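Asks: Please see the structure below; I have some questions.
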Amino acid sequence: MLSVFASLLPVFILIAAGFVLRKAGIIPAEHWRGVELVCFYVLFPALLIIVLADSTLTFGETAPFALSLLVLVVLMSLGGWLARKPLNRLIGMEGPAYTTFFQTTTRWHGFIALAVVGKLYGDEGLAVLAIAFAAMVPILNVVNILILATYAAHKPAPMGLIVRTLVRNPLIWGIVIGLIIRFSGIALPDIAKTTLGLAGDGALGVSLLALGAGLSWKAAKSAGKEVLLATFVKLIITPVLGIGVALMFGVSGMSLVIIAISAAVPTAVNGYVLARTMGGDAELYAATTTAQVVVSFVTMPFFIWIAMQVAG
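Right, dumping it as structure tokens:
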């Protein structure tokens with residue numbers, strides 16, 4: 029397990045460095061938003077396109093992997109929805125706080141997953157992880173908007189927002205373009221490959237710095253039972269369930285470890301924006317995100333190690 033932790037240490041160091049850079053005022057907080065946008069709209073789509081276009085993936089190889097992740101998303105979403113009334117009765121969790129609990133236990137930080145998989149398995153692993161984005165990102169966006177609309181905004185789900193969220197998501201476009209190139213037999217011109225490669229090479233490190241800069245230690249220090257519960261569900265229950273589902277579908281080897289990584293990462297930062305704009309508890313979201321990132325320094329290596337032992 030120590031070797032797994034050591035291999036992930038550069039990822040955690042970059043996250044911590046981003047936090048220090050922002051906290052010390054070396055790079056002011058307002059500048060980091062631009063860095064996040066560059067990562068989201070330029071660097072990561074380029075990375076997804078290039079790794080998928082150059083991959084040797086086939087449908088038969090990826091079907092059990094994608095199906096496992098779809099089942100995991102459905103189980104976590106259904107469980108989160110069924111937990112609403114018990115959570116309200118037991119700990120008084122109201123609508124806005126509940127929507128944040130739901131978001132922070134179902135969303136996943138794909139950028140951390142990309143950094144970890146890239147470190148462990150290189151481009152071969154990144155190509156497989158891109159399928160995880162294709163399987164999880166659309167359904168998670170739709171489900172979380174529906175939950176926010178129903179239990180925070182208390183109005184019918186805005187279908188226009190759902191459609192815009194999917195159509196404007198650059199990660200989805202990166203996946204679609206990469207898969208089209210891969211299965212159409214089209215060869216990317218050298219200049220396009222070089223350009224995409226240069227952009228993609230900067231994605232992982234820059235995004236980890238930006239993640240660290242966005243952490244709110246002040247919010248995390250005021251963590252209550254809602255934060256603790258969401259952290260436990262996301263970082264303990266989800267990876268256990270993810271590994272179990274993957275084994276049920278016969279997933280093994282590198283693909284099993286990548287499912288464990290996808291399940292074990294903390295929640296996505298972009299859910300904070302939805303919480304703020306649709307009536308969710310944004311402050312609770314910031315606190316939960318920070319707590320999950322910090323705790324994942326311990327839980328992620330553990331579950332990756334478990335998956336590696338099972339994978340053989």
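Going by the working numbering, the letters in the sequence shown line up with residues 29 to 340, in that order.
By construction, the Cβ of each residue, glycine as well, lies at the ideal position given by its N, Cα and C atoms.
Please read all numbers here as calculations on a predicted model, not as lab measurements.
Looking at the secondary structure, which residues open and close the alpha helix (DSSP H) in which serine 280 lies?
Replies: Here residue 280 is taken as the residue at index 252 of the sequence shown, counted from 1. Serine 280 -> no alpha helix (DSSP H), and no H or E assigned at all.
Asks: Taking asparagine 169 as part of the alpha helix (DSSP H), name the residues at either end of that continuous run.
Replies: Position 141 of the sequence shown, counted from the first residue, corresponds to residue 169. Start and end: 138 to 179.
Asks: Can you tell me whether leucine 85 is helix, strand or coil according to DSSP?
Replies: Here residue 85 is taken as the residue at index 57 of the sequence shown, counted from 1. Residue state, collapsed to three classes: coil.
Asks: Check the C-beta distance from serine 105 over to valine 171 and give it rounded, since I have them as a contact under 8 angstroms.
Replies: Within the sequence shown, numbered from 1, the residue matching residue 105 stands at position 77. Within the sequence shown, numbered from 1, the residue matching residue 171 stands at position 143. Right, their Cβ atoms sit about 5 angstroms apart.
Asks: Measure how close the beta-carbons of leucine 157 and leucine 142 come, nearest whole angstrom, since I'm counting them as under 8 angstroms.
Replies: Translated into the one-based positions of the sequence shown, residue 157 becomes position 129. Translated into the one-based positions of the sequence shown, residue 142 becomes position 114. Indeed they touch by this definition, with Cβ atoms about 6 angstroms apart.
Asks: Could you give the DSSP three-state label for alanine 111: helix, strand or coil?
Replies: Position 83 of the sequence shown, counted from the start, is the residue given in the question as residue 111. Reduced to three states, the DSSP call for alanine 111 is coil.
Asks: Within the continuous alpha helix (DSSP H) that includes valine 261, where are the two ends?
Replies: Here residue 261 corresponds to residue number 233 of the sequence shown, with the count starting at 1. No alpha helix (DSSP H) contains valine 261, which DSSP labels as neither H nor E.
Asks: Could you please give the first and the last residue of the uninterrupted alpha helix (DSSP H) stretch that includes arginine 304?
Replies: For this step, residue 304 is matched to residue 276 along the sequence shown. Taken as a continuous stretch (DSSP letters only), the alpha helix (DSSP H) holding arginine 304 covers 299 to 305.
Asks: How should alanine 315 be labelled, buried or exposed, when 16 other C-beta atoms within 10 angstroms of its C-beta is the threshold for buried?
Replies: As a first step, residue 315 is located in the sequence shown; it is residue number 287 there, counting from the start. With 16 or more Cβ atoms within 10 Å of its Cβ, alanine 315 is classed as buried.
Asks: Report the rounded CA-to-CA distance for valine 48 versus glycine 206, giving the unit in angstroms.
Replies: Position 20 of the sequence shown, counted from the start, is the residue given in the question as residue 48. Position 178 of the sequence shown, counted from the start, is the residue given in the question as residue 206. Roughly 35 angstroms separates the two Cα atoms.
Asks: Flag this pair as yes or no: are the beta carbons of leucine 256 and alanine 291 separated by less than 9 angstroms?
Replies: Mapped onto the sequence shown, residue 256 falls at position 228. Mapped onto the sequence shown, residue 291 falls at position 263. Going by C-beta atoms, leucine 256 is not nearer than 9 angstroms to alanine 291.
Asks: Are the beta-carbon atoms belonging to leucine 263 and valine 338 less than 9 angstroms from one another?
Replies: Here residue 263 refers to the residue found at position 235 of the sequence shown. Here residue 338 refers to the residue found at position 310 of the sequence shown. Against a cut-off of 9 angstroms, the Cβ pair of valine 338 and leucine 263 comes out as no contact.
Asks: Across the region 228 to 237 and the region 123 to 133, are there enough close Cβ pairs to call them in contact, namely three or more that are closer than 8 angstroms?
Replies: The region 228 to 237 vs the region 123 to 133: no contact.
Asks: According to DSSP, is glutamate 311 helix, strand or coil?
Replies: Residue mapping note: residue 311 aligns to position 283 of the sequence shown, counting from 1. Three-state DSSP puts glutamate 311 in a helix.
Asks: Ordered along the chain, which non-local residues of its own chain (more than five positions away) have a Cβ less than 7 angstroms from that of arginine 50?
Replies: Mapped onto the sequence shown, residue 50 falls at position 22. If we look at arginine 50 and ignore the five residues flanking it on each side, its Cβ neighbours are Ala57, Trp60 and Ala241.
Asks: For glycine 202 versus alanine 74, is the C-beta distance shorter than 9 angstroms?
Replies: Counted from its first residue, the sequence shown places residue 202 at position 174. Counted from its first residue, the sequence shown places residue 74 at position 46. Yes, Cβ-Cβ distance for glycine 202 and alanine 74 is below 9 angstroms.
Asks: Which whole-angstrom value is the C-beta distance of isoleucine 159 and alanine 94, which I expect to be below 8 angstroms?
Replies: By 1-based counting over the sequence shown, the position of residue 159 is 131. By 1-based counting over the sequence shown, the position of residue 94 is 66. That pair is a contact at about 5 angstroms.
Asks: Where does glycine 270 sit, in a helix, a strand or coil, going by DSSP?
Replies: By one-based count along the sequence shown, residue 270 stands at place 242. Glycine 270 falls in the helix class under three-state DSSP.
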